[in-house]
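A short write-up of the structure that comes next.
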Amino acid sequence: MSAPRAAGAIISAGLASIPASETAFNPVREVLNAWDDIPADAPPSDYPGTAFSLELVLAGIVLRPPFLKPAKMTTEGLLLADSSRQDVTFNLPKIKLLLNQGSDAQARLEVSLQSLGVASLDDGGDIAAAEMISMTPPYALIGESGVVGFGFKSAVLDLSDGYTPAAVLQQFGFDESWTGLYLPEIRLFVAPHGMEDFAVNAGVRNLLIGLGQSSGITGDFEVMVINQGAGDLGLQAVFLTPDNRVIGVEPLPDGSLEVALPAQSRLLLEISGGKAPYFGQASFGGSDHAGLVHDIDLSSNTELNISVSARDSSSQQKTKTLSIKAYRLSPANTSTGNTSSPVSPASVKTTSITLDGVSQATPALTLVRQDSSTITISLDPPSANTSWKIGNNPPEIGASVTIPLAAGETKPVEASLSDGTVNSINCYFRFDQPGSTTPSGFALDYNNSNSSPAVDPSSSTYWMPPAIPFMDKFRAALRQLNGASLTLVGSASYELNDAKDKYNYLLSRRRAEALRQLLESEANHPDPAQRIPAFTLTTAPADIGASAPPSAWVSDWKTHSSPRNLWWKASIEGFGPITIPGSITQGEVTRPAAAQPVPPPPALTTPPAPPQAPDWFRSIALKVRIVRDQFVAVELSGELDFETAAEEKLRNRGVGSGQIPQFEGLGSQNPSDGIVKYLILYQTDPASQTDQIKLYLGADPNDKDGLLMTGQLPGQPLKNPSTGRNVLGMTALFTPLLAETAPASPTDGSVAEIVLSTAALGLPIALAELGLFNVERVVLYGGELNVINRAGQWVSTLLFDVETAISADIELGGIRFLEIPRDKPLAVRYKAIGLKMGFPPGSNDRFQLRPMFDASKGYSIDLSGPGA
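Heads up, the sequence shown is in our numbering, so the first residue is 91 and it goes up one at a time.
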C-alpha cells in the first residue's frame, strides 16, 4: 500500500463547511491548520489525505471432491493410493486486485483486476496470462475400487503477446509471443477388474495448444501397458533326494507342512503368480538363507523346523510364507539278526456327523501322523475348540489329539465342537439384501441367510466356510432362550458415501424385520422337534418415517467399514450368556493285528507339476512427439522377461550337486535374471535434413550376470584361467586407456574416435599371454545402435556396456609389486565402447570403420575389494 503526501480536497472542503460558531470543533481545526494552513497549495503536505494505492492478493477457492482419493505414480507408471495425504484439492487461481483513490474533491474508489494465478504481490503477471486451475496432488483415484484414476497438474491460459509463463518458455522454440493453453500433464489410468494383471496409462505431457499467430499442437503423447502381476503369490516347497527324485510333502490341518527326509536332501522354492522378480528365503538351523535352492542336512538331527518365504516386486508387494516340519527317515534295517515283524499302519474312519441331531457333511476325522505306537488325528477343517473323547478317557481340548494304539486295537472317537459362550447371535445376509422390493417370503428361504458372512458383494455370492444355514447352526441355542424378550438389531456397512445414510438406515431395518419373520416362522414350525420358542421381539433401528436418521446412529454407522461383509447382518441381543452347541463327529481308529508289508516310503511320490515359465511381458510404452502440428519423434520402449538357462534348470528341478548358482548377498537367486529393457527411437529434423534411428537393449540394473557373461561373479566358485577370456577382457579394458587421441572434453556428449598405434593394439594380447593379469569375468550389460542419416550420408555407432574384472599377481625377484585377489578383483565398467562405421560428412563417400568410446555415458572402477 502507498499513500502520497497530498492534502485531501474532500477533507478541506468538509472543514470549510463547518461554521466558525461551532467552537467545540476549534481544537480539531487548530490541529489541521498546524499541519497545513493552506491545504490547497502544492504537495508535499502533512494535511490528511484521501489518496492511496492498495494491492491485494485474494486466495483462490479450494474444492475437495469426496469421491477422489489421493494417489501417486510409481516409476513403472502405475497409480497407487497415497496414504500420506488426506484428500484431493482443486485450487482456483489467486487474484491480484488494485484499489486506487485520488485526493481531489471528486475522488472515487476504483478497483481493477491486475492478474490471475499470481504467486505473491511481487509477481507482475498479466491479466491475459493466468493459471486457471491446479490439482494437489497431481494424481487421484476415483472411488475406492482403484480401477480408474487420472493425472492433472494445472491449466494455464496465455492470451498475452508480451508475457508468457516461465513453464512455457522452457519448451524448445517458444518465446514471449506465444499464446494459447498450456497443460503440463493430463493422464488416464485404468486397471479393469477383468484384466487384473494389466494396467493402462495414457496421456500427454507438456501439451501446448497454440492460438492465433501461435496456432498448432505441441506435446509428448504417451500410452503404456504395464503387467502388474497376475493373481496371488504362490509358493511351493519341493524336496529332492541326492539323485534328484521328488520327496512328497504332507499338508497338515493347521496349514503347515510335514516331510520325511533322508540325511541329505535339497530344497527348491518354486514361486509363481505376482510379479517377477521374486525373492526367496529359507530359515533353518538358527539362521536365514537367501536363495531358491538350499541343501538340507539331517545327518546329526532327527527333525528340523524350516520356514520359507517369498516376496514379489508388485507395487503393492505380495508375500507368502510356509512352515515345514522335517523328520529324518530311519535307514532300512538289514541286519540278519533282526526278526521283528513290521508294524501295521493305523487308519481312521468317520461314522457320523450331526448338528442338533441333523446329519452334516463336515467336519470329518482325518489322519495327521502316526508311528509304531500312536496315531494323531484332527477334524477337517481343524478347530482349536474341539473337545476329544477317546473311549472312557476324560475329554481333551485341542485342534488334534494323539491316541496310543497298539496292533489289533480299535478305539472309539468322539469330537465335539462348540462356538463357546455368547450373549448375541449374528444372522448374515448378502450385500444390499433384503432390498426394498424383495418378496415377503425372502427370509423364509434358508439360502438367503447364514451363520457365516458372504464372500463378496455380488447378489448370488457364496458364504464363507463353514457356511452353515442360520437356523441349522443356532436352532439348539435358540431353544435355550425359552420365554425371552429379544432385540433384533439390523446393521449395514459404510461405503464411504455419507449421502447414503437414510438408505442404509432403512436397509438395517429390513434386515431386522427379515430376522423377525424367520424367528416367528420357526416358532410355528410344523415339526415339534424343530420348533423354537415364541419370543417377544423388538426391532432396531426404529421406524422414523420420512425423518433423517439420528446423528448417533449415523456416527455409529460410519464405523462399519473394513471388513465390510461383517456388517451385512442382523443380531439377536438382550439375553444372558449361553453356550452355542456345535457339531458332533463320531468315528474310530484301528490298527490291524496282522503284519502288513511295509509300503514304499511315502516320501517318494509323483512330483508335482513344475511351475509355468515366467510371464515374458512386463511393460510397453509408446511416445509420439508433435511440435506445432509437425511430427518430430516416436519412441517405443518397455521391458521383457526372458527365461534364462539357469531359470529353466531351476523350474525343471535339474540342479544337481555343485550346480547351485550363488550370487553375493542373494544366495542361489538372481531375481532380475532375464529382465531386458528395450528402446526403439526414430526422430527427424527437416531443418537440418537429419533422420536418426536408435536401438537399445540392456539388462535390468539388478541383473547380476547381465545379458551375457563369461567367468564367475563374486561368491561363485573360481573358474580356471582362460586365454580367450583374458584377450577379450584385456582388449575391452585397455583399449580406451591406450588411445593416442581423445576428446578435448570427455563429458561433452560426443562419441570420440579412438586412434590406436600398432603397439597399443598388441598390448592386450601380450598381457593375456604373460599371465600377469587374469580376467575373472566379462559381463555384457547392454548395447546401443545409433544410425544418423544427414543429407544422404549415414553414420552408425555400435556401443556396448561392458564390465571387466581382473586379478593380478605381479612378482619380480621375490618381491610382490601388485596383488589383486581373484575373489576380490578390480572391476572396470565402460558404459559405451564400440565401433563407428559409415560415410561421415567430408569423407567423400569413403567408408570408415573406427573404434569408439563415449565417456559422457559414464564408467566405473570398483576398488572395494581388499588388496585391489
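Think of the CB as a built atom: it goes at the ideal place given N, C-alpha and C, for glycine as much as any other residue. The structure presented is a predicted model; accordingly, all values stated were derived computationally and were not measured.
Fewer than three pairs of CB atoms, one per stretch, sit closer than 8 Å, so the stretch 537-545 makes no contact with the stretch 706-718. Excluding sequence positions up to five before and after residue 815, its CB lies within less than 7 Å of the CB of 800, 801, 865 and 868, all in the same chain and listed in chain order. Comparing alpha-carbon positions, the option among 788, 777 and 501 lying closest to residue 762 turns out to be 788. In the displayed model, residue 610 falls within a helix according to three-state DSSP. Each residue's CA atom was taken as its position, placing residue 187 and residue 200 some 10 Å apart. A direct Cα-to-Cα measurement between residue 588 and residue 508 gives close to 39 Å. Under DSSP, residue 448 forms a beta bridge with 445. The C-beta separation of residue 465 from residue 497 comes to about 12 Å, leaving the pair out of contact by the 8 Å criterion.
Of all alpha-carbon atoms in 579, 660 and 440, the one lying nearest the alpha-carbon of residue 632 is that of 579.
When secondary structure is reduced to three states using DSSP, residue 296 falls in the strand class.
By the beta-carbon neighbour count (other beta carbons within 10 angstroms, threshold 16), residue 951 is exposed. Residue 177 and residue 891 have their alpha carbons spaced roughly 45 Å apart. The beta carbon of residue 570 sits closer than 7 Å to the beta carbons of 668 from its chain, once the five residues preceding and following it are set aside; these are given in chain order. Remark: fewer than three beta-carbon pairs, one from each stretch, lie closer than 8 Å, so the stretch 647-659 and the stretch 500-514 are not flagged as touching.
Beta-carbon to beta-carbon, residue 158 and residue 189 are separated by about 37 Å, too far to satisfy the 8 Å threshold.
Distance from the Cα of residue 770 is smallest, within the candidate group 760, 786 and 780, for 786.
With contacts defined by Cβ atoms closer than 7 Å, residue 224 and residue 291 do not form a contacting pair. Each residue's CA atom was taken as its position, placing residue 138 and residue 108 some 17 Å apart. For the pair residue 356 and residue 392, the CB atoms are not nearer than the 7 Å cut-off. Under the three-state reduction of DSSP output, residue 178 falls in the coil class, being neither helix nor strand.
Note on geometry: alpha-carbon atoms of residue 582 and residue 625 lie some 24 Å from one another.
Residue burial is scored here from C-beta neighbours: residue 615 has fewer than 16 other C-beta atoms within 10 angstroms and is therefore classed as exposed. For residue 824, the uninterrupted alpha helix (DSSP H) run begins and ends at 813-824, by DSSP. A contact is defined here as three or more CB-CB pairs under 8 Å, and the stretch 272-283 meets this definition with respect to the stretch 235-246. DSSP, read as helix, strand or coil, puts residue 726 in strand.
Scanning 459, 148, 378 and 384 for the CA closest to the CA of residue 354 turns up 384.
The residues 167, 291 and 711, in chain order, have a CB closer than 6 Å to that of residue 314 in the same chain once the five nearest residues on each side in sequence are set aside. Nearest to residue 564 by C-alpha distance, out of 808, 523, 609 and 590, is 609. Taking each of 440, 721 and 765 in turn and checking the Cα distance to residue 775, the smallest one comes out for 721.
In terms of Cβ geometry, residue 289 and residue 349 do not form a close pair [threshold 7 Å]. Secondary structure note for residue 116: its alpha helix (DSSP H) is the uninterrupted segment 116-125. Within the stretch 563-642, the beta strand (DSSP E) runs of at least 3 residues that lie entirely inside it are, in chain order, 575-580 and 626-630.
Distance between residue 597 and residue 630, taken at the CA atoms: about 11 Å. When the five nearest sequence neighbours on each side are left out, the beta carbons in the same chain lying within less than 6 Å of the beta carbon of residue 470 are those of 453, 454 and 456, in order along the chain.
Per DSSP, the beta-bridge partners of residue 884 are 879. The beta carbon of residue 467 sits closer than 8 Å to those of 438, 455, 456, 457, 458, 490, 491, 493, 503 and 679, all from its chain and outside the five residues before and after it, given in chain order.
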